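A.B. asks: Protein chains in written order, with the working numbering: chain A, 1 to 700; chain B, 1001 to 1700. Sharing a structure here in structure tokens format.
2 protein chains.
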Amino acid sequence: MEAVPYLALASAVAALGLAYFFFADVKKASPGNERMVFLMTEIQNGAKAFLTQEYTWVGAFGVVMAVLIAAVIAPLAAVAYILGAFLSALAGYVGMTVATMANARTTEAAKDGPGKALPIAFRGGAVMGFSVAGLALGGLMIVYVLFVLVMKVDDAFEVVTAYGLGASTIALFSRVGGGIYTKAADVGADLVGKVEAGIPEDDPRNPATIADNVGDNVGDVAGMGADLFESYAGSIIAPISLVAFALALTAEEATATTNISLLMFPVGIAFVGMLASIVGSFLVKGGASTDSKALSKALHMGTNVAMGITVIATIGIAMWLFGSNEDFDQPIGLAISVIGGLIVGWALGKTAEYYTSDHFGPVKKIAEQTNTGPATTILGGISAGMVSVAASVVLIVVGIGIAFYGGEMAFDNIGALDGGIYGIAVAAIGMLATTGVVVSVDAYGPIADNAGGIAEMAELDPSVREVTDALDSLGNTTAAVAKGFAVGSAALTALALFKSFEFAVAKASAGEVVLDLDIGNVDVFVGLFLGAMLPFLFAALTIDAVGRAAQAMIVEVRRQFAEIPGLREGKPGVNPDSARCVKISTDASLKEMIIPGALAVIVPLVVGFVDIDALGGLLAGSLVTGFALAIFMANAGGAWDNAKKYIEAGAHGGKGSDNHKAAVVGDTVGDPFKDTSGPAMNILLKVMTIVSLVFASAFV
Amino acid sequence: MEAVPYLALASAVAALGLAYFFFADVKKASPGNERMVFLMTEIQNGAKAFLTQEYTWVGAFGVVMAVLIAAVIAPLAAVAYILGAFLSALAGYVGMTVATMANARTTEAAKDGPGKALPIAFRGGAVMGFSVAGLALGGLMIVYVLFVLVMKVDDAFEVVTAYGLGASTIALFSRVGGGIYTKAADVGADLVGKVEAGIPEDDPRNPATIADNVGDNVGDVAGMGADLFESYAGSIIAPISLVAFALALTAEEATATTNISLLMFPVGIAFVGMLASIVGSFLVKGGASTDSKALSKALHMGTNVAMGITVIATIGIAMWLFGSNEDFDQPIGLAISVIGGLIVGWALGKTAEYYTSDHFGPVKKIAEQTNTGPATTILGGISAGMVSVAASVVLIVVGIGIAFYGGEMAFDNIGALDGGIYGIAVAAIGMLATTGVVVSVDAYGPIADNAGGIAEMAELDPSVREVTDALDSLGNTTAAVAKGFAVGSAALTALALFKSFEFAVAKASAGEVVLDLDIGNVDVFVGLFLGAMLPFLFAALTIDAVGRAAQAMIVEVRRQFAEIPGLREGKPGVNPDSARCVKISTDASLKEMIIPGALAVIVPLVVGFVDIDALGGLLAGSLVTGFALAIFMANAGGAWDNAKKYIEAGAHGGKGSDNHKAAVVGDTVGDPFKDTSGPAMNILLKVMTIVSLVFASAFV
């Protein structure tokens, strides 16, 4: 049974090998003519410059944190923290570099139809997918094997948890910084380009077009990748730390077979999920048709197969680890938890799709509400987003119920650990076991989007744009499933980490009761109030940040149109200074990233040192409110976006109509909702919880 | 000391006498010419028709609830429930009737300048103010004296609590129904009148104008009055029930002198606050100037004096009831709680004013954001509203801290009751002791607004409109203080009621531990998730309700313009069918009121019978999230409203500019935020808590 971490480590290495294979595959494809290579290089350089600068800034923050951790917790924890942060940054850098190589190659391949182009875009994204999954799992297993199994250091599981905190730090800043960048560039490019200068999207004359394309990469590729790195690592760490901290409270039981099985089970699921992802990734092949159903089927084949394999293999792993249990209620119960989590995650994704896709009622209704202008469009989206909160919370509650039931079925209590809580923790890893292939599909989206942009800017034949458009529109719906898993696992992981926090406090205080989390305790209630407020503050800060960064961009674009002669008229040989736009957007968004990012780390530390009961309330309050607000913002934003696209496709008067203008207002409001504040909220919750968990012993 | 309830009863009777005096005073003023009387009568009839129909529907719901209470709790509780509901409805009916008499009389008096008009509008509102305060306190004291002191019935305090539930029921439906009506009429009148037909606001040709004026009365007068009736009664009931339920857990202590003082103290504050309000109400006198500062000073004189008296008298009451305490830490501590509450309530009002008044940065910034169109306007308002949540939550936390500190200073524990919790409960009554005069000022606003509408519709001299405009603009800022008290007391009262709920459960289960409210308990966490989701669902339902009701109105106005010849052209003798608009708006909003209203009552009942731990989590989750969401919606809505008015006053291009158009979009989005969903949210929280408290024994 002790072999499981080594197996998982081997699977992580295999994933990295696969990433290299896909990289080589992408690299050997042609990037097209000189103009395309130029555009690709500009995007790539911009994206790299952003990441380098972002990592420099975050690195400084990370050093401070590492010193603090070394001083307050343990030097080895600081090592794990740095490793988690470094590997997440590395995954982001490698993945994004390849993604920015794949865009022009996808455009070039699109000349031969989608059958050629789809695999290149997918494999470009798969480098990100398998870098994220491989590095996250690999690094975690190294920490686990080294510190827990080999060195057997004291408080080894605090060290393991610090790895997760390192990943969270990068995820938070990447989501916030990338989210601000991508929307500032988008809004800036649109407002001056389309509205003021009257030139179409992705037009080469617009100095912000390159920045807009860079934004897709730093936000939707690097930001998303760091998010999933953190979620994936966190979902494995949560059940492990839960078991470890609970057993530490009743030390004598820690070596029983069942307990080792409990530690190994989440790692085992990650192992089989990784193998399943590798298998699935080879099944994505494009056909000749640009029909959206056929393309969608091709792209989703990998994910669906990987999930199917994971479900079956989970049962196998459960039988292997818990098969000595006589009436099989242990393996059956835990399999119920994991598979239940997977199904609920899927259902959450479908709910997001229902509320944000123009195939269903809600978006159609918003499109109709454009009849009475922008105000009713805004109210319609707000209302739809809020209703989607209700549906999603009900699903999460059902998921918690199933996972809890399965866990309770497996065992009642082992020491301080309740079986139901363990069930909840492993349900999250059920959702994220196939991260490798899920992130691949997710990173495919911005590659296809960029490919379209390059086709437009390089003024290629419209037939090429047709193919890239088909690939791009596919990317918009694929994100829904990944989103469902990310959101659902965030709630479950945070809940499990919260419970670990309770155990960690109990352990650090040597069994003394120092934590009173009864809601009737006024300190806890004050914490709940503060916790419920933080997501609102965080949302306000990030929305304002996008506004200010976009403003900086607008000023620069206006300046270029005014000062560069012949630019607006498209005189041959006159090119905009795209690099300057990229630089301005980079500087503005990184400056804006600091306050909301730091808030997430500093607030729990301050509250924790002042009053640990209040910290408990704060974590719970921000988890439930932040979850609701995140779903509201993501789905309202998605719904407005697709209502606009629905109208652009010809409904309610089509492009240029008053309805379209109203829909554009909705879309612009939704931009920071869905791409900046909403996605960053999930990480905010986890960062706060994991900071509290790592520093629990210091608070006591 | 036993005399306190009788004194409070006497003060309530005095308040009702004052209300009659003001009524007679208003009645003897002239309502103006035939046209003005006609308009006044139309508004009055419309408002009465709405209230009658609303009360009929709510009455049916109330009967079901009363039967349920009689069957599950106690028949006398049902009696108290009906009394609470009846008196709240009565206060609403009487107050609104007089308010709709005062509008034309204010217009007529405005011919002689603001010195004449201001007192009439204020005294019209004061009938509402003192009806609300007098009936709420009087009814509560009758229940208290009769069931607790005279009949000494078993579980007398459950009966007292049921009085509060009756008031909550009316408040919820009045706020929701009235809020939907007023915004549906407003949006309907604006969209067809101003936008489609191109006729100005309050134009007599617009069939929806009367309905719009009716809306001000049913929403801002009757709805607000029922809200404050409930808040006021609730803030007295919360500390009483807290003490009573806590003492019931340790029966032997219930007769100790200190404990009786604890029961009497909140009633005593209500008594002195009522007297102070009566004194204050006589100090509102108008001068000759229409200068906004002078008018504001005149109007606020009553409130300020009343509060000053209350502060001093609170110290007196505390000394009287707790003066036997040797080192005076009891009277000093409790006075700190009450006065601290009052100051924080005031500060909450100022915060709301800061974020919503055009004298300060946030609204000016939103007005500036209209430069880049409606989308940035919307984002600006959302962000300002969210930041105001942070400021308000910090204030509430400070308020809880001060009140808790004062209570702890007074005493540690008496039986199960913690001194700090008691301090929090009495802080809420500190905020609401001067309800009489606060509601008077609040109800003044819609009267002045209606007076302006009548001046316009009766085509009086522009100088009259100038005076009524000055009075009206004053009304917009006065609401802020009342809002601060209402919001702050809602949070504190709900917190105290929550604690009472815990005691009630403990008592009903005869000391057995049946309630585990530790956040680490998964049931509680599930409850927190569900609780955080409910305010979002409630907001979505009410926003959609406004949309649908407005649509019904729009269809009717369009029909009248199309089918009544000469209406649009303003042919003499051609009048719109206003009554039909009123009827349609009434039917539509009452239909829409049912689901959100019923939700608030049914959800806690269902969850409570299924899992009482989850109910505890649900109440806490909805309290903290609902509080945040309510403030966000109220302040974002207020900010947009005043950004629009700021532009209309000439900034950024003034009326008709693109900036103005963008501001109108913001205002329209904000309408249901600030007048429907936001204000109803506070009651939602309290209704759920008080339902749980009343039914606590049944859940066990």
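C-beta: ideal position from N, C-alpha, C; glycine also. Here the structure is a predicted model, which means the values were calculated and not measured.
Fully enclosed by the stretch 1343-1406 of chain B, which alpha helix (DSSP H) runs are 4 residues long or longer?
C.D. replies: 1361-1369
A.B. asks: Report back the beta-carbon spacing between A/Phe-50 and A/Val-218 to the nearest angstrom; my notes put them in contact at under 8 Å.
C.D. replies: For the purposes of this step, residue 50 of chain A is taken as the residue at position 50 of the first sequence. For the purposes of this step, residue 218 of chain A is taken as the residue at position 218 of the first sequence. The pair is a contact, with the Cβ atoms about 5 Å apart (cut-off 8 Å).
A.B. asks: Using three-state DSSP, classify B/Asn-1413 as helix, strand or coil.
C.D. replies: Taking the second sequence and counting its residues from 1, the one referred to as residue 1413 of chain B is at position 413. Three-state DSSP puts B/Asn-1413 in a strand.
A.B. asks: Who are B/Asp-1418's beta bridge partners in DSSP?
C.D. replies: By 1-based counting over the second sequence, the position of residue 1418 of chain B is 418. According to DSSP, B/Asp-1418 bridges with B/Asn-1413.
A.B. asks: Checking 8 Å against the spacing of the C-beta atoms, do A/Ile-769 and A/Val-665 come in under that value?
C.D. replies: Within the shown structure, residues of chain A are numbered from 1 to 700, placing residue 769 of chain A beyond reach of any answer.
A.B. asks: Do the CB positions of B/Gly-1617 and B/Leu-1515 come within less than 8 Å of each other?
C.D. replies: Your numbering for residue 1617 of chain B matches position 617 in the second sequence. Your numbering for residue 1515 of chain B matches position 515 in the second sequence. Against a cut-off of 8 Å, the Cβ pair of B/Leu-1515 and B/Gly-1617 comes out as no contact.
A.B. asks: Does DSSP put A/Asp-611 in a helix, a strand or coil?
C.D. replies: Walking along the first sequence from the start, residue 611 of chain A turns up at place 611. Note: A/Asp-611 maps to coil in three-state DSSP.
A.B. asks: Check whether the Cβ of B/Pro-1596 lies closer than 8 Å to any Cβ atom in chain A.
C.D. replies: Position 596 of the second sequence holds residue 1596 of chain B. With 8 Å as the cut-off, B/Pro-1596 does not count as an interface residue toward chain A.
A.B. asks: Are B/Arg-1465 and B/Ala-1455 touching if we call contact CB-CB under 8 Å?
C.D. replies: Start at 1 with the first residue of the second sequence, and residue 1465 of chain B comes out as number 465. Start at 1 with the first residue of the second sequence, and residue 1455 of chain B comes out as number 455. Yes; because the gap between Cβ atoms is below 8 Å, this pair is in contact.
A.B. asks: Within a Cβ cutoff of 7 Å, which residues of the same chain sit near B/Gln-1404, ignoring the five residues on either side of it in sequence?
C.D. replies: By 1-based counting over the second sequence, the position of residue 1404 of chain B is 404. The sequence given here has Phe at residue 1404 of chain B, not Gln. Apart from the 5 residues on each side of it in sequence, B/Phe-1404 sits with its Cβ closer than 7 Å to the Cβ of Gly-1420, Gly-1423, Ile-1424 in its chain, given in chain order.
A.B. asks: Please determine, among B/Trp-1640, B/Ala-1074, B/Ile-1082, the residue with the shortest C-alpha to C-alpha distance to B/Ile-1366.
C.D. replies: Locating residue 1366 of chain B in the second sequence gives position 366, where the first residue counts as 1. Closest option to B/Ile-1366, Cα to Cα, is B/Trp-1640.
A.B. asks: How about A/Gly-452 and A/Ala-211: do their beta carbons lie closer than 8 Å?
C.D. replies: Here the question's residue 452 of chain A lines up with position 452 in the first sequence. Here the question's residue 211 of chain A lines up with position 211 in the first sequence. No, the pair does not count as a contact, with Cβ atoms beyond the cut-off.
A.B. asks: Tell me B/Asp-1186's beta-bridge partners as DSSP assigns them.
C.D. replies: What you label residue 1186 of chain B is simply residue 186 of the second sequence in a count that begins at 1. Per DSSP, none; premise fails for B/Asp-1186.
A.B. asks: Just checking my contact of B/Gly-1488 with B/Gly-1399 at CB under 8 Å: how many whole Å lie between their CB atoms?
C.D. replies: For the purposes of this step, residue 1488 of chain B is identified with residue 488 of the second sequence, where counting begins at 1. For the purposes of this step, residue 1399 of chain B is identified with residue 399 of the second sequence, where counting begins at 1. Contact between B/Gly-1488 and B/Gly-1399 holds, with the beta-carbon distance rounding to 6 Å and staying under 8 Å.
A.B. asks: Smallest Cα separation from A/Ala-276: which of A/Ser-657, A/Val-437, A/Val-72?
C.D. replies: Counting from 1 along the first sequence, the entry for residue 276 of chain A is found at position 276. Looking at the Cα atoms, A/Val-437 is the closest of the given residues.
A.B. asks: Go through its chain and collect everything with a Cβ distance to A/Val-132's Cβ below 6 Å, but skip five positions before and after it.
C.D. replies: Residue mapping note: residue 132 of chain A aligns to position 132 of the first sequence, counting from 1. Excluding residues within five positions, the ones whose Cβ falls inside 6 Å are Ala-91, Gly-225, Leu-228, Phe-229, Val-439.
A.B. asks: Pick out the complete alpha helix (DSSP H) segments inside the stretch 1089-1169 of chain B, 4 residues or longer, and give them in chain order.
C.D. replies: 1114-1143
A.B. asks: For B/Thr-1258, I'd like the list of residues in its chain whose CB is within less than 6 Å of its CB, leaving aside the five on either flank, ordered along the chain.
C.D. replies: Sequence index remark: in the second sequence, residue 1258 of chain B carries index 258 (1-based). Hits under 6 Å: none found.
A.B. asks: Once you ignore the five residues that flank A/Glu-648 on each side, which residues in its own chain have a CB closer than 6 Å to its CB?
C.D. replies: Residue mapping note: residue 648 of chain A aligns to position 648 of the first sequence, counting from 1. Take A/Glu-648, set aside five residues on each side of it, and the residues of its chain with a beta-carbon closer than 6 Å to its own are Lys-655, in chain order.
A.B. asks: Can you list, in chain order, the residues of the stretch 644-665 of chain A whose Cβ is nearer than 8 Å to any Cβ on chain B?
C.D. replies: So the close ones are Val-664, Val-665.
A.B. asks: Since I believe B/Val-1279 is in contact with B/Leu-1299 (beta carbons under 8 Å), could you give me their beta-carbon distance rounded to a whole number of angstroms?
C.D. replies: Position 299 of the second sequence, counting from 1, holds the residue named residue 1299 of chain B. Position 279 of the second sequence, counting from 1, holds the residue named residue 1279 of chain B. Rounded, the Cβ-Cβ distance is 16 Å, inconsistent with contact.
A.B. asks: For the 8 Å Cβ check, are there 3 or more pairs between the stretch 1583-1591 of chain B and the stretch 1666-1674 of chain B?
C.D. replies: no
A.B. asks: Please decide whether A/Ser-718 counts as near chain B, where near means a Cβ-Cβ distance under 8 Å.
C.D. replies: What the structure shows of chain A is the stretch from 1 to 700, and residue 718 of chain A is not part of that stretch, so it cannot be assessed.
A.B. asks: I'd like to know whether the C-beta of B/Gly-1637 is nearer than 8 Å to at least one C-beta of chain A.
C.D. replies: Here residue 1637 of chain B refers to the residue found at position 637 of the second sequence. So no, B/Gly-1637 is outside the interface.
A.B. asks: Across which residues does DSSP place A/Asp-518 in a beta bridge pair?
C.D. replies: Indexing the first sequence from 1 puts residue 518 of chain A at position 518. The partner list for A/Asp-518 (beta bridge, DSSP) reads B/Asp-1518.
A.B. asks: Tell me the DSSP secondary structure of A/Gly-469 in three-state form.
C.D. replies: The sequence position of residue 469 of chain A within the first sequence is 469, counting from 1. First, the residue type needs correcting, since residue 469 of chain A is Asp and not Gly in the sequence shown. Helix.
A.B. asks: Just mark A/Leu-149 as buried or exposed, buried being the case when its beta carbon has 16 or more other beta carbons within 10 Å.
C.D. replies: Looking up residue 149 of chain A in the first sequence gives position 149. A/Leu-149 should be labelled exposed.
A.B. asks: Going by DSSP, what residue range makes up the alpha helix (DSSP H) through B/Glu-1456?
C.D. replies: In the second sequence, the residue the question calls residue 1456 of chain B occupies position 456. First-last of the alpha helix (DSSP H) with B/Glu-1456: 1435-1457.
A.B. asks: Output yes or no for whether 8 Å exceeds the beta carbon distance between A/Met-141 and A/Leu-9.
C.D. replies: What you label residue 141 of chain A is simply residue 141 of the first sequence in a count that begins at 1. What you label residue 9 of chain A is simply residue 9 of the first sequence in a count that begins at 1. Cβ distance < 8 Å, so A/Met-141 and A/Leu-9 count as in contact.
A.B. asks: Would you mind stating whether A/Thr-468 and A/Ala-662 have Cβ atoms separated by less than 8 Å?
C.D. replies: Numbered from 1 along the first sequence, position 468 holds the residue referred to as residue 468 of chain A. Numbered from 1 along the first sequence, position 662 holds the residue referred to as residue 662 of chain A. Taking 8 Å as the Cβ cut-off, A/Thr-468 and A/Ala-662 do not qualify as a contacting pair.
A.B. asks: Can you find at least 3 beta carbon pairs, one from the stretch 1678-1688 of chain B and one from the stretch 1629-1643 of chain B, that sit closer than 8 Å?
C.D. replies: yes
A.B. asks: What's the call for A/Asn-450, buried or exposed, on a 16-neighbour Cβ count within 10 Å?
C.D. replies: Counting from 1 along the first sequence, the entry for residue 450 of chain A is found at position 450. Of the other Cβ atoms in all chains shown, 16 or more fall within 10 Å of the Cβ of A/Asn-450; this residue is therefore buried.
A.B. asks: By the criterion of Cβ-Cβ separation under 8 Å, what are the contact partners of A/Lys-702 in chain B?
C.D. replies: Nothing about residue 702 of chain A can be reported from this structure: the residues present for chain A run from 1 to 700 only.
A.B. asks: Can you tell which of B/Gly-1129, B/Arg-1035, B/Tyr-1232, B/Ser-1289 has the C-alpha that lies nearest to the C-alpha of B/Pro-1114?
C.D. replies: Start at 1 with the first residue of the second sequence, and residue 1114 of chain B comes out as number 114. Looking at the Cα atoms, B/Ser-1289 is the closest of the given residues.
A.B. asks: Is B/Thr-1356 close to chain A? Criterion is C-beta to C-beta, closer than 8 Å.
C.D. replies: Mapped onto the second sequence, residue 1356 of chain B falls at position 356. So no, B/Thr-1356 is outside the interface.
A.B. asks: Ordered along the chain, which non-local residues of its own chain (more than five positions away) have a Cβ less than 7 Å from that of B/Ala-1248?
C.D. replies: Taking the first residue of the second sequence as position 1, residue 1248 of chain B is located at position 248. So the qualifying residues of the chain are Lys-1507.
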